[in-house]
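**Q** According to this note's numbering, the residues represented by the sequence shown are 93 to 320, in order.
Where a beta carbon is used, it is the ideal one built from N, C-alpha and C, also for glycine.
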Amino acid sequence: MNRMKNFTAGFVRENPVFSLYLGICSTLAVSTTLNNAIGMSVAVIVVLVLSNMIISAIRNITPNEIRIPVYIVIIAALVKIIQMLITAYAPALDTALGTFIPLIVVNCIILGRAEAFASKNNIFDSALDGLGMGIGYMFALLIMSAIRQLLATGVLNFANPFDMTQMIFEIRIIPAEYVISMFSQPVGAFFTFAILAAGVAAYKNHLEAKAKEQEKAEAALKKAAKEA
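(1) Give the range of the beta strand (DSSP E) segment to which T191 is assigned.
(2) With burial defined as no fewer than 16 other Cβ atoms inside 10 Å of the residue's Cβ, what is the status of F216: buried or exposed?
(3) Once the 5 residues before and after L185 are set aside, which same chain residues still bring their CB inside 7 angstroms of it?
(4) What three-state label does DSSP hand A251 in the structure shown?
(5) Give me the Cβ distance between G291 and P267, rounded to the nearest whole Å; I'm assuming they're in contact under 8 angstroms.
(6) Closer than 6 angstroms by C-beta to L234: which residues in its own chain qualify, once you throw out the five before and the five after it? Chain order, please.
(7) Taking C-alpha atoms, which residue in L243, V279, F275, D255 lies nearest to R264?
(8) Measure the beta-carbon distance from S218 to N156 and round it to whole angstroms, keeping in mind my assumption that it falls under 8 angstroms.
(9) Return the bridge partner residues of R264 from the DSSP annotation.
(10) Tell me the start and end of each unbroken alpha helix (DSSP H) in the stretch 111-140 that is at least 4 residues and wholly inside, in chain order.
(11) So, I167 versus V197, is the Cβ gap smaller than 9 angstroms?
(12) Please look up how many angstroms separate the CB atoms of V138 and I174, rounded, as I've assumed it's under 8 angstroms.
(13) Who are the near neighbours of P194 in its chain, counting only those whose CB is closer than 7 angstroms to its CB and skipping five residues on each side?
(14) Applying the 10 Å Cβ sphere with the 16-neighbour rule, what's the burial state of G228?
(15) How should N107 be labelled, buried or exposed, when 16 other C-beta atoms within 10 angstroms of its C-beta is the threshold for buried?
(16) Around the Cβ of L114, are there at least 16 other Cβ atoms within 10 angstroms (buried) or fewer (exposed)?
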């Protein structure tokens with residue numbers, strides 16, 4: 093049960109983007125299309141899982157004084173491998189994501205999970221943590237990208253990342269004369285993020301209030317049982 097709670101924590105309760113506010117720079121910058129969102133999400137998930145596993149495996153032999161440089165070297169090596177693979181097999185996606193693939197090295201989500209979790213837990217739990225946080229990041233990026241792309245172009249589409257000329261699906265939902273081009277620009281990214289983050293915060297507050305009410309009800313029942 094603890095492992096399941098750890099795995100699902102990144103979905104909403106500790107979502108890295110909307111709850112912990114980590115990795116916001118890349119989220120705001122690349123969330124213009126679904127293609128960018130999926131490409132970036134897959135790269136982050138792979139790096140998160142592998143770096144967590146490696147850091148967990150060497151946690152007992154890593155000197156505490158140099159642990160952060162060691163983590164950065166591991167993450168940088170993994171990111172370079174991912175970047176080379178994307179450049180080789182999906183050059184159009186590499187061009188679209190630009191410098192944000194190399195910047196995964198300094199993504200707060202990656203280093204944060206390495207320091208907060210992988211360095212203190214076993215390999216399996218660290219892999220689960222990385223996968224859960226990566227999926228949470230992917231959900232955040234996909235939701236933002238879908239909203240921005242739809243409002244800015246009126247179309248939801250996804251192309252083959254290995255051949256961007258091959259369209260997998262394309263659906264027009266909003267007529268061209270009703271699109272809001274602002275959402276393809278930085279201001280649209282900030283506006284979308286603010287609305288979604290506020291929604292997640294409101295949902296978390298609702299859950300906390302509900303939990304407190306349940307605790308009060310249970311306490312009242314116990315008190316009544318004692319008095320009886």
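**A** If we stick to the structure as given:
(1) Run containing T191: none; DSSP gives neither H nor E here.
(2) Burial call: exposed.
(3) Correct list, in chain order: N127, G131, I178, P253.
(4) strand
(5) Actually they do not touch by this definition, with Cβ atoms about 27 angstroms apart.
(6) A129
(7) L243
(8) Contact flag wrong, Cβ pair sits at about 18 angstroms.
(9) V247
(10) 116-122
(11) Taking 9 angstroms as the Cβ cut-off, I167 and V197 qualify as a contacting pair.
(12) 6 angstroms
(13) V171, Q175
(14) buried
(15) Classified as buried, N107 has 16 or more neighbouring CB atoms from the shown chains inside 10 Å of its CB.
(16) buried
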